[in-house]
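Residue numbers (our numbering), protein chains in the order written: chain B, 2 to 363; chain A, -18 to 268; chain D, 1245 to 1587. We treat Cβ as the ideally placed atom computed from N, Cα and C, and that holds for glycine. Report on the structure given below.
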């Protein structure tokens, strides 16, 4: 069916469609009206004259207003840190996965840490965006910089590095004192832990990131560093960040302890019972002896809550160092109670070593 | 054995005319072809020295059994291969020296079938024949359309012009394919075994049309075939090939000698001359 | 008997371009950040005449920093894939050919993965590596696809399929070595994804470069339009009509491959567009390549602008890869087209 007639029909339809679409796009809707207003009033103000320039942890120059009012966090550990510093009122946006503390869930979301919606970030008009090399993509940071939005990228390689990072970011956001306070407390806890564990042999552990396929941590990761503070050493020496292992390796190496980190609180019931039900795993020395530890998933994130997890792990791995202690204070901002079971008098007794992480109940 | 040099009808009619000598439409002089010699073997000649001519209003039939060199000769005429020795000239220019476009303007090879990928209208198809007469990326002019229309009329298919190619019958399609070749306004029309897939009615119709095109529209037609009687009936000149050799060039009456034909075609044949002077070949009873 | 005239081509393309314009305006309008059409027009106008200070900072960020470059890329990718599709369908004499059938996208994917493993987090590395991978594959398939000194459709198709297959197996193996984060990124890339921000500082300069490459490659293919019309009635026939078939095939092969490599290195392997846009344009406007090619350029641009706009707005703030959108829409369209052919 070629020829003029068809051509005319197509032309007629296109005109109609085009007019309708244009009309639809011009008619304002109520929701948009308010947004327009805020956009207009908010954006036409002149930028505040006072600014600061710092170099962030990956070497970029970051220029922020002297008074940072609006902060967007692009990673769960950074959100947690913001809350730990008491700066949650300045937090105008975080990611879909920011759930520590629970209040963070009610902040406006910008998407996932790996592909946040740039437009949403722009719409939140942040003075500062926080990013971290451990989860964010460099392209996101580049894009935000090109748009003229200041981004501070942290690069935590170790536990103490994380503390230093916290201090710097606290300073950037104008919470110097609080920053010193929080970091100071955490540092002293770490120092106390170090003293307690001094002279003891390191426990040889296998830290399981993922069961199937079996993934553990490399020696240059912050988790490895955290474990060191807890008096533990990974039996796997690898330069990769997340090395894959074959099960035979584990059998050959026979770690003393197996450390698991659940993703959600519900899976706390797993752990030793779960491993006991798995073929191959149940024959490992550690499982037979009941040396299975479930660590708070905070250890996965370089954040203040990590210290809690380190302490908890230390208690479970070296219970004899803590026989004289009372229950420890929590470092987490929402004051969740830490109630690790009191250490048993004997070290490697089967029943009492089944320490489950009841502390993780939220 | 080479034949005589043909003289175009125009010159033959007016031997003393003072026309500027127009070159012959087709002039093949001692053309030969062989596959390249290797270290071990001498060149294998698929066609040895062949000489004949064709001019306006003439139909030349190239006759011979399979593997006689017909297809080699056809390729030489079409300019697809270069003669090892000798010359093939169309309108006075060596065919193998012509560039693609010029060659397409002078010589039209008529295909048998056309397998189209996408639907196409008849007039679009025929209009494609005008391609050699313009730039590569071109838009057809009024003149192009006119000539394409003429080509369709010459084959009696003007009424078909708005139809879809795939809707045509076999015969109609063949006419349209021929029309496209005519739209090239060629000096030379080449057909390679065009009657192969046709029934006797179709064969006669095609040759009648070619005869008409030659007579009325002054085309020069060269047909490769092995149809002895049709060639005798419709052609002005016959080139008889056998085993790569050009045995004889001449009119049908001159070429169709019983012994010669029997040897070439390896069949028991009889030749009788009809009233119109053209020979007819019959199969003698098989013993 | 009405042959195709330049006037008819311009007229048709004019309509299509108008449709594209409307689509672009709508696309500029849509996104997580609310901005009205009058504001957009104001921003565009001020930007064009150089009055940058008149534009609110956020509008500038969103319109010029985020949406406009993305829309420009959408147009580029859609146009490139469609013209490549037309070219390959003609070259391979197969209406089911799409730009990826000759393995170009697999080569690009391999380049991308290798760069992810070798030089992770280097901006722009993926694009360059992908294009290099595509270029190398183009060369290899070219040499494998020749027969008798020139490209032969059947041989080329075989060579392409084999290469694609081989490359895919290497890619699969390498993908197992990627980290979770990179794996997700690679999966998105393989589906076709325009959400990555541009890898360079001078975005408009980069876009200009890409568009220049597009114009050269697509322009080269366009010059063979008449030739392609003839070749589609038969290669031998075309040769006898004076078409330099060997050269045309080479030009179309190189041009279409470059266009595919360009699109894939920018956006990953977006599917269905290179296959379907030529078909739809053929249905609407006929098979004459002099019109089909420009119509496909604009038609493809419209398709990707629509698909990507949907991809970035249906599940705000998450980004759906645009390849998922084209697949969702493309599959039913494909089925519909097949049924029409049978009828």
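Item	Value
Given a limit of 9 Å on CB to CB distance, which residues of the region 53 to 79 of chain A reach chain D?	59, 61
Among B:122, B:127, B:188, which one has its Cα closest to the Cα of residue 309 of chain B?	B:188
Shorter than 9 Å from the beta carbon of residue 218 of chain B to some beta carbon of chain D?	no
Is the Cβ-Cβ distance between residue 1549 of chain D and residue 1558 of chain D less than 9 Å?	no
Taking Cβ positions, are residue 1532 of chain D and residue 39 of chain A nearer each other than 9 Å?	no
When the Cα atoms are used, what is the spatial distance from residue 197 of chain A to residue 135 of chain A?	9 Å
My assumption, with CB atoms under 8 Å, is that residue 319 of chain B sits in contact with residue 256 of chain B. Please give the rounded CB distance.	Rounded, the Cβ-Cβ distance is 15 Å, inconsistent with contact.
Quick one: is residue 60 of chain B near chain D, going by C-beta distance under 9 Å?	no
Where does residue 16 of chain A fall in DSSP's three states?	strand
Determine whether the Cβ of residue 1349 of chain D lies closer than 9 Å to any Cβ atom of chain B.	no
Mark residue 25 of chain A as exposed unless 16 or more other C-beta atoms lie within 10 angstroms of its C-beta, in which case mark it buried.	exposed
Three-state secondary structure (DSSP) at residue 1295 of chain D?	coil
Among the candidates B:173, B:224, B:194, B:197, whose CA atom is the shortest distance from the CA of residue 64 of chain B?	B:173
Helix, strand or coil: which one does DSSP assign to residue 1500 of chain D?	helix
Evaluate the contact criterion for the region 139 to 148 of chain A versus the region 90 to 105 of chain A: three or more CB pairs, one atom per stretch, below 8 Å.	yes
Less than 8 Å between the CB atoms is what I'm expecting for residue 1330 of chain D and residue 1522 of chain D, so what's the real figure, rounded?	5 Å
Along chain B, which residues have their Cβ under 7 Å away from the Cβ of residue 1305 of chain D?	123, 148, 149
Against residue 139 of chain B, what residues of chain C qualify as contacts under a CB-to-CB distance less than 7 Å, listed in chain order?	Protein chains B, A and D are contained in the structure displayed, whereas chain C is not.
Roughly how many angstroms separate the alpha carbons of residue 1518 of chain D and residue 1326 of chain D, rounded to a whole number?	4 Å
Between the alpha carbons of residue 364 of chain B and residue 1264 of chain D, how many angstroms are there, rounded?	This structure cannot settle anything about residue 364 of chain B, because the visible part of chain B is limited to 2 through 363.
Just to confirm the assignment, what range does the alpha helix (DSSP H) spanning residue 1386 of chain D have?	1369 to 1388
Does residue 1452 of chain D get closer than 9 Å to chain B when you measure Cβ to Cβ?	no
Ordered along the chain, which non-local residues of its own chain (more than five positions away) have a Cβ less than 6 Å from that of residue 76 of chain A?	60, 69
Using a Cβ-Cβ cut-off of less than 8 Å, give me the residues of the region 1270 to 1286 of chain D that come near chain B, in sequence order.	1270, 1273, 1275, 1276, 1277, 1278, 1279, 1280, 1281, 1282, 1283
Return the chain-ordered list of same chain residues with a C-beta closer than 6 Å to the C-beta of residue -7 of chain A, the five sequence neighbours on each side being excluded.	Bear in mind that a pLDDT of 48 at residue -7 of chain A, under 50, signals an unreliable position, so the number given afterwards is only what the model happens to contain. Here the set comprises nothing.
Could you give the DSSP three-state label for residue 1347 of chain D: helix, strand or coil?	coil
Identify the continuous beta strand (DSSP E) that holds residue 33 of chain A and give its terminal residues.	25 to 35
If the cut-off is 8 Å on Cβ atoms, which residues from the region 90 to 119 of chain A count as contacting chain D, listed in chain order?	90, 92, 95, 96, 97, 98, 99, 100, 101, 104, 105, 106, 108, 109, 110, 112, 113, 117, 118, 119
Please report how far the alpha carbon of residue 159 of chain B lies from the alpha carbon of residue 322 of chain B, in whole angstroms.	24 Å
If you compare alpha carbons, which of B:287, B:69, B:243 is closest to residue 51 of chain B?	B:69
Between the alpha carbons of residue 1407 of chain D and residue 1266 of chain D, how many angstroms are there, rounded?	40 Å
For a cutoff of 9 Å on Cβ pairs, would you count residue 88 of chain A as touching chain D?	yes
What does DSSP give as the partner residues of residue 74 of chain A in its beta bridges?	A:71
For a cutoff of 9 Å on Cβ pairs, would you count residue 1501 of chain D as touching chain A?	no
Using 10 angstroms around the beta-carbon of residue 1344 of chain D, count the other beta-carbons present and answer buried if the total reaches 16, otherwise exposed.	buried
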